[in-house]
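If you count the sequence shown from 1, you need to add 143 to reach my numbering. A short write-up of the structure that comes next.
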Amino acid sequence: MCPAPRSARKRVSAPSAAPAEKPRSGRAAAAGDALAAKLARLGIRRDLDRVLHLPLRYEDETRVTPIAAAATGVPVQIEGRLVSVEIALRPRRHLIARVADASGEAVLRFLNFYGSQHKALQAALSQGLRVRAFGEIRPGFFGGEMIHPRYRVLRGEVPLPRALTPVYPVTAGLSQAVVRQLIEQALARAALEDTLPQPPLESLRLPAFREAVLALHHLDPEADVVALADRSHPAWRRMKFDELLAQQLSMRRHYRERRARAAAPLRGPGALEGSLLAALPFRLTGAQERAWREIGADLAQPHPMHRLLQGDVGSGKTIVSALAALRAAHSGFPPAVMAPTEILAEQHLRKFTEWLAPLGVTIAWLSGSQAKAERAAALRDIAAGAAQVAIGTHALFQ
């Protein structure tokens, strides 16, 4: 496309409906960066991360419990008028606010508080305002008391929430209130379109994605508490299904990527494998033979193998890895056997030496604690092909 003439370009201006965004002040930018860093510690970097930052548990602020009916040690919400507000100095400085309703009286005790908090409660007391507090009532010197409850001063009629209050995973410097606000903002912006067609949702009795997400963030007070605790609630089942599906799709994608790559096939079996099996003082178990058969078949393919050999201690994983090492050495590709710790690597070295040295196989040892001369000699043997197998720690590639 040809550029517009210079005279024409001079007349073009930005639409008045979309003015240029004003740059943030240094303080606002720093605050935004600090918030982003805290969210990043929770793995939250975009709106979808906020939406999927699901609650750990819930608190019921949808109802008010009479003070006299509040059970000890159970989180409840109470509401009443302020009777008194004072700062006590013994046994240590703390703020005490007494709240009363038609059934009785409770103490709100704050061991750590700000002067502004004291003034706000004093002002509420003088204006005859009511207070709504959430926490656990426990026996105290002056009767039932809440230690550091979450509270709010009521100015006029303040309706109760219709959903349970979610409690989210947080990090230092990030309050529940801020996380809730950020998640609500993300929920308002996000489309939450479903990723699954209707037939599997119906056959598996799974709710729609949007329905499940909103249900977990705005939980109905009548929801099944047991199902929420053991994650069998339909909304949790949908979240778990999506997570497992995403994992399987990711694994399948990486499998296809590996299959598209080329790798030299390792042919066998060679004479060394038969000699090793004949020299062993035991016979392979059925599970060991099956694992080795599957691994050997994979090694013969013209693409990389990606397998996890799993088994209890003493189940024979090392002998299977020794057979795989011999298959690679026989095919002209000296293998490297790496262990995460030097102790485990030394155990492999002893076992491999016991099994392979009598067959004439030379083993090179590499670890971070080696002397410089010893390490240089091992590297020379590997480079010259004098060592058919290399065993060690991360020093193998560092």
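Glycine included, every Cβ here is placed at the ideal spot set by N, Cα and C. Given the structure is predicted, the values throughout are model-derived calculations rather than measurements.
(message) Let me check understanding here. Comparing Cα to Cα, which of V207, R193, R281 lies closest to H360?
(response) R193
(request) Classify E416 as buried or exposed, calling it buried when 16 or more other Cβ atoms lie within 10 Å of its own Cβ. (result) buried
(request) Below 7 Å CB to CB, which residues in the same chain sit around P217 once its five sequence neighbours on both sides are set aside? (result) For the sequence presented, residue 217 should be read as Val rather than Pro. Taken in chain order, the residues that qualify are E279.
(message) For P412 and H446, I'd like the C-alpha separation in whole angstroms.
(response) 18 Å
(message) Rounded to the nearest angstrom, what separates P209 and D190 at their Cα positions?
(response) 40 Å
(message) Quick check on I510: buried or exposed, where buried means 16 or more other Cβ atoms within 10 Å of its Cβ?
(response) For clarity, residue 510 is Ser in the given sequence; the question names Ile instead. Result: buried.
(request) Measure the alpha-carbon distance for S375 versus I506 and round it to whole angstroms. (result) 53 Å
(request) Taking 8 Å as the threshold, find out whether the region 178–189 comes into contact with the region 311–330 through three or more Cβ pairs. (result) yes
(request) Tell me whether F540 is buried or exposed, calling it buried when 16 or more other Cβ atoms sit within 10 Å of its Cβ. (result) exposed
(message) Extract the residue ranges of the beta strand (DSSP E) inside the region 286–366, only unbroken runs of 3 or more that lie entirely within it.
(response) 286–290, 293–297, 308–310
(request) Keeping to the same chain, check which residues put their C-beta closer than 7 Å to that of L522; ignore five residues upstream and five downstream. (result) none
(request) Name the one or two DSSP bridge partners that E400 has. (result) Answer is none; E400 lacks a bridge partner.
(request) Counting only the same chain and skipping the five closest in sequence on each side, list residues whose C-beta sits under 7 Å from that of V356. (result) V194, L335
(request) Check whether the Cβ atoms of W435 and L392 sit closer than 9 Å, and answer yes or no. (result) no
(request) State yes or no: is the C-beta of T205 within less than 9 Å of the C-beta of R305? (result) yes
(request) With a cut-off of 8 Å on the beta carbons, I'd call A249 and G287 a contact; round off their distance for me. (result) 5 Å
(message) Quick check: V480 and A472, are their CB atoms within less than 9 Å of each other?
(response) no
(message) Among the candidates N255, S227, P302, P309, whose CA atom is the shortest distance from the CA of Q270?
(response) S227
(message) Between which two residues does the beta strand (DSSP E) holding G223 run?
(response) 218–231
(request) Determine, using beta carbons only, whether M382 and L199 come nearer to each other than 9 Å. (result) no
(message) Suppose the cutoff is 6 Å on Cβ atoms and the five residues either side in sequence are ignored; what does the same chain contact list for S246 look like?
(response) P209, I210, A211
(message) Taking the alpha-carbon of D337 as reference, which of V321, R348, E354 has the nearest alpha-carbon?
(response) E354
(request) Please state whether DSSP places M394 in a helix, a strand or coil. (result) helix
(request) Take every Cβ of the region 339–347, pair it with every Cβ of the region 309–322, and state whether three or more of those distances are shorter than 8 Å. (result) no
(message) D373 and L307 - do their beta-carbons sit closer together than 9 Å?
(response) no
(message) Quick check: what's the CA-CA separation for E497 versus L349?
(response) 56 Å
(message) Once DSSP output is grouped into helix, strand and coil, what is the label at F425?
(response) coil
(request) Kindly indicate if chain B contains any beta-carbon less than 9 Å away from that of A405. (result) Absent from the structure: chain B. Only one protein chain is present.
(request) Report the rounded CA-to-CA distance for R152 versus A172, giving the unit in angstroms. (result) In this predicted model, R152 has a pLDDT of only 39, less than 50, meaning its place in the structure is not dependable; the value taken from the coordinates is given anyway. Roughly 34 Å separates the two Cα atoms.
(message) Quick check: the Cα distance between V463 and F384, rounded to an integer number of angstroms?
(response) 35 Å
(request) Could you please give me the residues that DSSP links to A240 through a beta bridge? (result) V228, L251
(request) Take K122 and list the residues in its own chain whose beta-carbon comes closer than 6 Å to its own, dropping the five residues that flank it on each side. (result) Outside the shown range of the chain, which is 144 to 541, sits residue 122, and nothing can be said about it.
(request) Run the CB neighbour count on L390, radius 10 Å, all protein chains shown included, and call it buried at 16 or more, exposed below. (result) Checking the sequence, you will find Gln at residue 390 rather than Leu. Per the 10 Å Cβ criterion, exposed.
(request) Please state whether DSSP places E279 in a helix, a strand or coil. (result) strand
(request) Would you check if the distance between the CB atom of R275 and the CB atom of Y294 is smaller than 9 Å? (result) yes
(message) Give me the DSSP bridge partner(s) of Y558.
(response) As shown, the chain starts at 144 and ends at 541. That puts residue 558 outside it, with no answer to give.
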